[in-house]
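A short write-up of the structure that comes next.
Chains as they are written, first to last, in our numbering: chain A, 1 to 362; chain B, 1 to 466.
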């Protein structure tokens with residue numbers, strides 16, 4: 001029996017039980033629009049790829065990481081003692097940052113292509129939930145090395161919910177496992193990072209991907225306006241898939257380059273009694289809200305400013321999430337334009353406050 | 001800038017050479033590989049039976065040769081001269097050794113370089129003006145001349161890593177040039193030559209993909225398919241041979257240099273010289289990606305292969321080439337000429353004399369007669385440390401020594417001076433050559449820089465400029 005015959009027999013055996021031919025036939029009939037903005041279709045796939053990298057590297061880190069009192073020492077061993085431990089940790093940290101960047105690009109491209117409109121509202125909502133969970137992944141993972149920077153940044157970060165009246169201190173204490181950031185906080189963040197968040201993220205991701213398969217790629221308004229005969233498309237299998245995989249490869253190269261040239265280092269071990277070092281700041285994806293609160297605090301000092309800031313920021317996020325119900329379809333007219341300007345305003349606000357944030361900590 | 005010793009803040013003088021050299025290598029290796037690609041492509045076109053496809057191929061090659069002429073003739077030559085300026089300022093001692101030892105080699109290289117420049121211009125400007133066969137011969141002459149430049153320059157570059165025992169036996173006697181050929185055909189000559197030849201062919205294919213990807217898939221499918229696939233084939237020999245050549249090259253490198261490749265396996269700690277390992281990883285990942293993309297996106301689907309894909313492949317190839325050149329340079333540490341001259345320009349046999357008489361008394365490139373310890377220390381820093389370290393940028397001293405007080409800094413400098421067999425720095429750093437006074441002067445200077453005057457109580461008096 002030749003190897004070809006064996007392969008064919010194995011495929012037939014699996015196909016009979018799982019219906020692979022039907023899936024292949026479905027993929028062959030599925031098509032992806034081709035137009036000037038097609039480039040933005042790849043960002044969802046890039047985000048997925050970077051998430052897979054994190055799952056893989058995260059499991060490897062899990063083998064050696066010890067939450068609690070040994071947290072810093074275990075990360076020190078991973079980074080400075082174990083063979084290629086630094087590479088796995090760097091790949092994990094860089095892919096986390098790149099994933100959040102890719103999700104943000106994906107979100108804004110979906111927004112400006114109006115891909116949240118009917119019937120894709122659930123796609124938008126699930127995507128926003130995934131971004132929210134990814135942010136919490138970032139926040140919880142940042143503390144795990146328990147070095148000086150991560151300790152004080154988390155301490156500052158957990159002071160933000162403290163400003164919420166009544167329930168704020170309860171939430172903060174629950175997250176910290178006490179009145180101060182300590183080894184108990186690491187235990188909690190670790191459980192959150194490797195159990196709770198994946199348990200929420202994975203089914204939601206499956207739902208999001210199923211919706212993408214169900215509704216296909218949305219056309220931007222400029223393409224929707226064209227007559228059908230002028231619209232081009234390409235088969236999902238193999239053309240789009242091939243290009244998608246090429247983008248994954250490019251992402252892998254960027255990741256390898258960053259992890260190798262700028263490996264993720266480790267600061268000094270935290271000392272709860274020491275003063276916070278200069279220039280403590282949150283990760284770049286939290287810099288914008290952090291800076292907005294700072295700016296508002298300059299005008300409204302004290303708790304009033306903090307509460308107002310949190311309320312305004314929450315209102316902005318709620319409006320952003322509800323945009324599919326405001327600009328619901330292509331007949332939206334004036335609402336579509338307002339939504340467009342809202343998106344531009346969001347980009348300008350995020351970029352400018354992030355830049356100001358980094359400028360002022362120099 | 002303080003001629004003749006070049007101080008580039010933040011970037012460091014070494015990186016000035018590095019940037020120019022990496023840029024130059026990317027183009028010059030294309031000049032060699034592309035020099036072979038052009039006449040081979042022209043010969044292939046001449047054998048195509050279909051007159052329309054033949055004409056389209058010829059037009060495409062002519063267009064490619066214009067791009068080739070501009071890139072290699074302008075950017076390649078200018079950056080080549082730039083390297084001479086940069087190495088002369090940064091490493092006057094090493095440059096002097098290379099010139100004196102290989103003066104005949106440089107002369108030959110310049111002759112072939114002139115032939116190269118002339119023939120590439122003739123090749124481009126005589127398209128459709130002279131007989132086809134004669135035009136092809138011009139292309140072959142260019143290919144031969146550009147290959148000759150690689151054959152010669154490779155000998156000199158490989159010499160810097162592995163000068164060989166025969167040359168080292170006469171080094172410093174004034175008879176170094178008598179061992180020209182043994183220095184030239186040094187232990188890493190052949191693996192290095194074959195490696196570079198493979199890289200040249202790959203770069204020829206990669207750059208050709210830029211031109212061929214721009215053909216119109218709808219109007220000229222046959223042209224695009226054949227040129228894209230033919231260009232991809234230029235990558236095949238390299239990716240079959242390179243892994244074996246790398247192993248051969250590695251085996252020929254001295255064991256002390258082989259060890260540098262493994263320093264970054266288990267750590268990224270500052271000052272552990274883990275960069276060679278990290279760069280090797282970049283080369284592996286980018287090279288594997290080029291193979292995958294070139295095969296699946298270009299060879300299997302030439303009509304879908306567009307300029308942005310070609311640019312991505314080119315970018316990866318440039319990253320791989322740059323990382324390769326950077327690793328090769330780093331692999332020489334702590335020498336700039338293996339076992340003869342340290343990377344700060346101090347000759348290995350001179351260390352003992354400098355330890356007795358002092359660094360400044362023996363340096364031809366920095367002078368300082370100041371009574372100030374700080375000022376003498378600054379001069380020693382420029383001479384002994386400045387070719388690899390800056391104060392705040394590349395390999396920053398302020399960061400590497402942060403947290404150390406004067407006693408600790410002094411202990412560090414003494415450790416570098418003693419250069420004992422168990423010193424971790426011995427593998428990649430030259431010894432600090434000088435007297436006890438030099439050690440104190442350098443320590444004073446570094447202490448003032450790391451621990452600002454307010455805390456150290458010392459005030460910088462003057463700089464080491466003459």
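By construction, the Cβ of each residue, glycine as well, lies at the ideal position given by its N, Cα and C atoms.
query: Got a sec, what are the start and stop residues for the alpha helix (DSSP H) residue 285/B sits in?
result: The count along the second chain starts at 1 and reaches residue 285/B at position 285. Start and end: 275-293.
query: Out of 256/A, 14/A and 351/A, which has the shortest C-alpha to C-alpha gap to residue 319/B?
result: Counted from its first residue, the second chain places residue 319/B at position 319. Ranking the options by Cα distance to residue 319/B, first place goes to 256/A.
Limits of the beta strand (DSSP E) - the one that residue 336/B falls within: Counted from its first residue, the second chain places residue 336/B at position 336. Unbroken beta strand (DSSP E) run through residue 336/B: 335-337.
message: According to DSSP, residue 342/B sits in a beta bridge with which residue or residues?
response: Here residue 342/B corresponds to residue number 342 of the second chain, with the count starting at 1. DSSP lists 335/B as partners of residue 342/B.
message: From the DSSP secondary-structure annotation, give me the bridge partner or partners of residue 34/A.
response: Residue mapping note: residue 34/A aligns to position 34 of the first chain, counting from 1. Residue 34/A pairs with 232/A.
query: Does residue 182/B have its Cβ less than 8 Å from a Cβ in chain A?
result: Here residue 182/B refers to the residue found at position 182 of the second chain. No, no contact with chain A.
- prompt: the stretch 284-316 of chain B: which residues have C-beta closer than 8 Å to a C-beta of chain A, in chain order?
  reply: 285, 286, 289, 292, 293, 296, 297, 301, 304, 309, 312 and 316
- prompt: Can you name the residues of chain B whose CB is closer than 7 Å to the CB of residue 82/A?
  reply: Your numbering for residue 82/A matches position 82 in the first chain. Identification of chain B residues near residue 82/A by a Cβ-Cβ cut-off of 7 Å yields 266, ordered along the chain.
message: What residue range does the alpha helix (DSSP H) around residue 364/A cover?
response: Lying outside 1 to 362, the shown extent of chain A, residue 364/A is not represented and no answer is given.
- request: Under 7 Å Cβ to Cβ from residue 267/A, same chain only, skipping five residues before and after it: list those, please.
  value: Counting from one through the first chain, the residue named residue 267/A turns up at place 267. Closer than 7 Å at the Cβ level, and outside the excluded window around residue 267/A, lie 147, 148 and 149.
task: Could you tell me whether the stretch 346-366 of chain B touches the stretch 174-192 of chain B, using the rule of 3 or more Cβ pairs below 8 Å?
output: Short answer: they don't touch.
- prompt: Under 8 Å between C-beta atoms, does residue 319/B make it to chain A?
  reply: As a position in the second chain, residue 319/B is number 319, starting the count at 1. Cβ-Cβ to chain A under 8 Å: yes for residue 319/B.
- prompt: Going along chain A, which residues have a C-beta under 7 Å from residue 269/B?
  reply: One-based indexing of the second chain puts residue 269/B at position 269. Within chain A, the residues near residue 269/B are 80.
Simplified DSSP state of residue 243/B, which is helix, strand or coil: The residue you call residue 243/B lines up with position 243 of the second chain. It is helical.
query: How would you call residue 243/A, buried or exposed, if buried means at least 16 neighbouring beta carbons within 10 angstroms?
result: Locating residue 243/A in the first chain gives position 243, counting from the first residue. Flag for residue 243/A reads buried.
message: Buried or exposed for residue 43/B, going by 16 or more other Cβ atoms inside 10 Å?
response: Start at 1 with the first residue of the second chain, and residue 43/B comes out as number 43. The residue is exposed, with fewer than 16 neighbouring Cβ atoms inside 10 Å.
task: Mark residue 262/B as exposed unless 16 or more other C-beta atoms lie within 10 angstroms of its C-beta, in which case mark it buried.
output: Walking along the second chain from the start, residue 262/B turns up at place 262. Classification for residue 262/B: exposed.
task: On the DSSP bridge assignment, give the partners of residue 396/B in chain order.
output: Position 396 of the second chain holds residue 396/B. Answer is 390/B, bridged to residue 396/B.
- request: Whole angstroms is fine: what's the gap from residue 50/A's alpha carbon to residue 325/B's?
  value: The residue you call residue 50/A lines up with position 50 of the first chain. The residue you call residue 325/B lines up with position 325 of the second chain. So the alpha carbons of these two residues sit roughly 29 Å apart.
message: Measuring only the C-alpha atoms, how far is residue 222/A from residue 311/B?
response: Along the first chain, one-based indexing puts residue 222/A at 222. Along the second chain, one-based indexing puts residue 311/B at 311. One C-alpha to the other measures close to 28 Å.
- request: Assign residue 364/B to buried or exposed, taking buried as 16 or more other Cβ atoms, counted over all protein chains shown, within 10 Å of its Cβ.
  value: If you number the second chain from 1, residue 364/B lands on position 364. The residue in question, residue 364/B, is exposed, as its Cβ has fewer than 16 Cβ neighbours within 10 Å.
- request: Identify the contact partners of residue 209/B in chain A, using a Cβ-Cβ distance below 7 Å as the criterion.
  value: Translated into positions along the second chain, residue 209/B becomes position 209. Within chain A, no residue comes near residue 209/B; the closest Cβ sits about 14 Å away, beyond 7 Å.
query: When you compare each of 153/A, 186/A and 346/A to residue 278/A by their alpha carbons, which one comes out closest?
result: One-based indexing of the first chain puts residue 278/A at position 278. For residue 278/A, the nearest C-alpha among the options comes from 153/A.
field: Where the alpha helix (DSSP H) containing residue 224/B begins and where it ends
entry: Your numbering for residue 224/B matches position 224 in the second chain. Residues 221-233.
task: Select from 75/B, 69/B and 215/B the residue whose C-alpha is nearest the C-alpha of residue 24/B.
output: Within the second chain, residue 24/B is the residue found at index 24, counting from 1. Of 75/B, 69/B and 215/B, the residue nearest in Cα terms is 75/B.
Continuous alpha helix (DSSP H) stretch holding residue 173/A: start and end: Stepping through the first chain from its first residue, residue 173/A is reached at position 173. Counting along the chain, the alpha helix (DSSP H) containing residue 173/A begins and ends at 167-176.
task: Determine the burial state of residue 358/A: buried for a count of at least 16 other Cβ atoms within 10 Å of its Cβ, exposed for fewer.
output: For the purposes of this step, residue 358/A is identified with residue 358 of the first chain, where counting begins at 1. Residue 358/A is exposed by the Cβ-count criterion.
message: Please list, in chain order, the chain B residues whose beta carbon lies closer than 7 Å to that of residue 256/A.
response: Within the first chain, the letter at position 256 stands for residue 256/A. Residues of chain B passing the Cβ test: 281, 282 and 285.
query: Quick check: the stretch 110-119 of chain B against the stretch 140-151 of chain B, are there 3 or more CB pairs under 8 Å?
result: Output reads yes: the stretch 140-151 of chain B touches the stretch 110-119 of chain B.
message: I'd like to check one pair, residue 340/B with residue 351/B: are the Cβ atoms closer than 8 Å?
response: Within the second chain, the letter at position 351 stands for residue 351/B. Within the second chain, the letter at position 340 stands for residue 340/B. Result no, Cβ atoms of residue 351/B and residue 340/B do not sit closer than 8 Å.
Residue 251/B burial status per 10 Å Cβ neighbour count (16 or more: buried): Numbered from its first residue, the second chain carries residue 251/B at position 251. By the neighbour-count rule (16 or more Cβ atoms within 10 Å), residue 251/B is not buried but exposed.
field: Distance, residue 305/A Cα to residue 313/A Cα
entry: As a position in the first chain, residue 313/A is number 313, starting the count at 1. As a position in the first chain, residue 305/A is number 305, starting the count at 1. Approximately 12 Å, taken between the alpha carbons.
query: Per DSSP, which one or two residues make a beta bridge with residue 347/B?
result: Taking the first residue of the second chain as 1, we reach residue 347/B at position 347. Paired residue(s): 341/B.
query: Whole-angstrom Cβ separation of residue 54/A and residue 99/A, contact assumed at under 8 Å?
result: Your numbering for residue 54/A matches position 54 in the first chain. Your numbering for residue 99/A matches position 99 in the first chain. 7 Å between Cβ atoms; contact.
task: Can you pull the chain B residues whose beta carbon is under 9 Å from the beta carbon of residue 242/A, in chain order?
output: For the purposes of this step, residue 242/A is taken as residue 242 along the first chain, with counting starting at 1. Simply 296, 297, 300, 301 and 304.
- request: Quick one: grab the DSSP three-state call for residue 1/B.
  value: Residue mapping note: residue 1/B aligns to position 1 of the second chain, counting from 1. Confidence at residue 1/B is low in this model, with a pLDDT of 34, below 50, so its placement is unreliable and the value that follows should be read with caution. Coil.
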